[in-house]
Structure formats: C-alpha cells, structure tokens
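First up is the structure itself, then whatever we jot down about it.
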Amino acid sequence: MDTPTLAITACDSYEGRLLAEALATHLEEQYFQNSLQDSFNGSLPQLICLARDIEKVGDIKERPVCKVIQINYDHPESLTIALRGTQTVVLVPEIEPQREEWANNLVDAMVQEKVLRCIVISSIGTDAKDKDQLRRFSTVEDKVKGSIQRWTILREGFPFQALFYWAEMVQKEGILGMTIRQDIEFAPLDIANLGDALVAVMFPSATDHQQVYDEDREGDNRKVCNITKPITADLTGLVEPTGGTDRFDGQIYTLTGPETVTGPKLADELTRALKQKGCSSADDDNIPLPINYKIIDRNTLKEYLCRLRKPHKSEYFRIIATDIPGISCALRLFQQAANFAFGVRAHKPSFDSMLPVSSSVLRGEEQWKGDGYGDEGGKNVKKDYKEPCGLPGCSNGTDDSERNHKELKKPECRRPRLDPPNDTEVSLILQLLDYISEGHAKFQSGDLKKVAGIRGCNAKQFFEKYALDFRGRPT
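Here the UniProt record's numbering is used: position 184 in the sequence shown is 184, and no number is missing along the way.
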C-alpha cells in the first residue's frame, strides 16, 4: 500500500508551524497506537511541510512523519515538484503583500498535480470590502473554490496568540492597549483549537461529531446528541480522498472561542493569571498590577507594533556572537562541556541558555541563526531557485528509511518563536481590530463544537497557560 501524503504551506510562519505540529501529532499517534506499520510496509504517513525559509520551521524537521521542502512561490516548478503525489493540501496563506499572487500560483500547481482536496485557513472579515487585508482572504477562498474539486474553508476569529505582541506593553507599562471600545465584545480563538478543527476536518472519521437524533423522541421534540465515533484504524481512508465526499466538503466554518470578552475582561483575566502562585517571584515582580485596559488610537498602536522589530540589546550581542566564528565556536564548546560535566544529554545549545538575559516574548527557545537575517528579523529568501530539498539531514535531504527510523518522541510543550510583525501583519492586526470595533465579531459561532466536538479555550485558560510569556520569563 502506498504511503498517503498530505501537505501544508507556510510552515515557517507561527500559525503554519502550530498547525503542522497538530497534524503531525495526530498522524504519529494513529500510526503507532493502531499498529499500522504493516499496512504501509513500515513507511510512515507523510506530511509535506512547505516553507520559504527552512531555517524557521523549528522542531517540525525532527518529527518522523514530516518532510520539510523549501519552495519559492515565484518559481512554479518548485511548487509542482513539492506537491507531486499529494492528495490533500492545507493552504495557510502567507501574510505578505504577494498573498493573492502566491496563493494563485500554489493553486495552479495543485491543479497541475491533480490535488483533489484543499483546506483553506482563512479569517473573519472576508465580507469587509473596505479592508484590503481581510478582503484578500476572500480572493484566496474564491480561487480554491473555483479550481479544486473538494474544499473546506476554516475562517479564524481573532487569535489569542496575537496578544503576545502586547507582552512588552504589559511588562513595561502595565496596560493592555487596543483600539476597540471597552464595551465591544468578541470571541478570540486559541490557535491550538484551530489545530483541533483542522485535524477533525482532515481526518473526519477520526473525530466525527455529526449530530444524530434520539429515536425515543418523535418529531420536533427529538433530542439532538453529539456522537463521537471510534477512531478508524485505516489512515488511507483519512488522507486519500478516494471515498467520495464527506460532510465537510464545500463548507465554510467560522471558528471562534467559546466565550465573548471585552478589552477590560482580557486585562482582568491576564491580571488574575499573573498573580497566580508560581508565576511571580521576588526577583521578577516588576510588572505593575493590576493590568489596566486602555483605549489607544490607531497610529499609536501601529507605532508600537512596528517598534517591536527593533532588536533588544541582548539581540545585538546575539547576532554579533553568531557572526564571528571564533566566539560562536567557543560558546558552543563551553555549552557542550557544561552539558557533559552536569550530565545533560541531547541538549541543543541556545544562546538563551548561555547568556544571562531576560527572555522576551518575541524570542523563542530555538537556536539562533544569525547569518542572513533581514531588517525585520526574517531570513532573506534567496532569489535563485533551487531544487526543493528535504530536511532533516544534509542539503540533499533525508531518505525515507532514515526518516522512518527516527525515534518517535512526545512533542515538547513550548511555544514556537514569534517574530515581530511585518508591515502586512501590522496592517492585518489593525484591520481585524477595526472589524471588531465596528461590532461585526460580537458572536460565539459554535462552529468549533460542530466541527471538532470541543468547547475550546477561553481567556482565563489561555492566560493561565501562557502567563510566563506575558511576564517575560523563559518557560
């Protein structure tokens, strides 16, 4: 039996990486828990992770079911090669000025390679004709609907994780400043729950929450029940779109969190989380509490978000250290010697663990790669097209036998690195807040329950989970 293959785009972005990890975890769990090795002749189901910058995919390259391939949207041949043999694609739009053009090129490559199914990650506000960043999601949706045989669209509400951009404001000023009025309600969504919904749509027989009726009731009085069917033991039926259609085909879902909140409510929940035992200590109790919500004007917020791109002083040293081979090598040797002396095994050295500097929410736990970074902190994409290469391993990639023999490890619970927002991302955040301010997002849709059978994470749970990120301490 051939190994089923699916692909996901933008795995070098924060959201794309989180969604890829959710899919990888599900595939690994199903493969090993259901003992499907014999079904696929020892080959793991393969998740193709597409990225413009393979240096920013993080731990995805270590996952046994993942194969990372570098692409260039401006070179269609790189897309067709990467998608060869793929049945299903998760399209995570790039938040760049070329979003529509790149999505068009990708969908054209999907058509050429006869991809039959596409799941689009979109956004609320596609109906806002006066907001170009939101409207562009609609253009991507239309391209997919007009080109791909089977499609599903998941429109994401305001993501909780966007609030990480406010961490510096919280730490320095003790405020959560936004452009929305204090009485405006909206229902933020945890990206982890978007991942739950994606898994449910991608593998419908694994988490089927179709509504059925209690036959003991008659007519309109019948009781609606949510039934979770047993997980199937055949991944081919989940990945290969050969069994006709399923209930998610041709559907658009608007995913929100389980509760509507206001700006002051967010500030209150953040304050409560920061006061929890274990979150604060005598040496870092410098954040002014309580955290107050403040209405700020659009230009002020824009300036704040753009200012996040300026490196901290520790970042300058970090870049210098990695650009000078002698210093970089010495630090690595020192770390390895320390690890050996203290019995630390399989530790990947990072400058965060070597330098006595405070952690910022905009710095991840990955090893810093100093060479080749642009003005906004992102890796410069090479203009010259190269044949797609698989990771991990050397430049020629890793063959299937090596990938299949990787040790299956439980994924670490840590938040990926969140880079400062580029101009397009800043514009998107501001337009999302404008959309919310106009009262268009004051609802809890219920689609998350309908799709994945879960309630989702609310503000209290989110801030409790990530309180240390807002305090600025390493987690």
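Positions of the beta carbon are idealized from the N, C-alpha and C atoms, including for glycine.
Put simply, of Glu173, Arg150, Ile184 and Pro159 the residue whose alpha carbon is nearest the alpha carbon of valine 201 is Arg150. Shown here, asparagine 292 sits in a strand according to DSSP, grouped into three states. According to the DSSP assignment, leucine 79 belongs to the alpha helix (DSSP H) that extends over 76-83. At least 7 Å separates the beta-carbon of isoleucine 287 from that of isoleucine 153.
Distance check between lysine 275 and each of Gln46, Pro188, Lys265 and Leu289 places Leu289 closest, using alpha-carbon atoms only. With respect to the 7 Å criterion, cysteine 118 and leucine 91 are classified as neighbours on the basis of their beta carbons. The distance from the Cβ of isoleucine 121 to that of glutamine 161 is about 14 Å, inconsistent with a contact at the 8 Å cut-off. In the structure shown, proline 264 falls within a helical segment according to DSSP collapsed to helix, strand and coil. Remark: C-beta atoms of alanine 452 and isoleucine 124 do not approach each other more closely than 7 Å.
Counting of Cβ neighbours within 10 angstroms places proline 97 among the exposed residues, the total staying below 16. The region 168-182 makes no contact with the region 134-146; the number of CB pairs closer than 8 Å stays below 3. In its chain, beyond the 5 residues on either side, Val92 and Ile191 have a beta carbon closer than 7 Å to the beta carbon of glutamate 15. For glycine 58, the closest C-alpha among the options Thr254, Leu18, Ser78 and Phe470 is that of Leu18. For glutamate 156, the enclosing beta strand (DSSP E) starts and ends at 150-156. For arginine 307, the three-state secondary structure derived from DSSP is helix. Put simply, of Glu55, Glu259 and Arg309 the residue whose alpha carbon is nearest the alpha carbon of aspartate 423 is Arg309. Excluding its 5 nearest sequence neighbours in each direction, phenylalanine 463 has C-beta neighbours in its own chain below 6 Å: Glu269, Leu270 and Ala273, listed in chain order. Of all alpha-carbon atoms in Gly472, Ile8, Asp434 and Tyr466, the one lying nearest the alpha-carbon of phenylalanine 158 is that of Asp434. The three-state secondary structure of phenylalanine 164, taken from DSSP, is helix. The beta carbon of leucine 198 lies closer than 8 Å to those of Leu19, Ala22, Leu23, Val90, Ile119, Ile121 and Leu154 in the same chain, with the five residues before and after it left out. Comparing C-alpha distances from alanine 7 to each of Ser13, Phe32 and Cys49 shows the shortest one belongs to Cys49. For serine 445, no alpha helix (DSSP H) run applies, since DSSP gives it neither H nor E.
Per DSSP, the beta-bridge partners of tyrosine 253 are Leu154.
Exclusion of the five residues before and after glycine 85 leaves Thr5 as the residues of its chain whose Cβ lies within less than 7 Å of its Cβ.
CA-CA distance, lysine 302 to cysteine 457, rounds to 28 Å. Phenylalanine 137 sits in a helix when the DSSP states are folded into three classes.
Exclusion of the five residues before and after proline 204 leaves Leu238, Asp246, Arg247 and Phe248 as the residues of its chain whose Cβ lies within less than 8 Å of its Cβ. Using a Cβ distance threshold of 7 Å, proline 188 and glycine 146 do not count as a contacting pair. For the pair leucine 27 and lysine 61, the Cα-to-Cα distance works out to about 15 Å.
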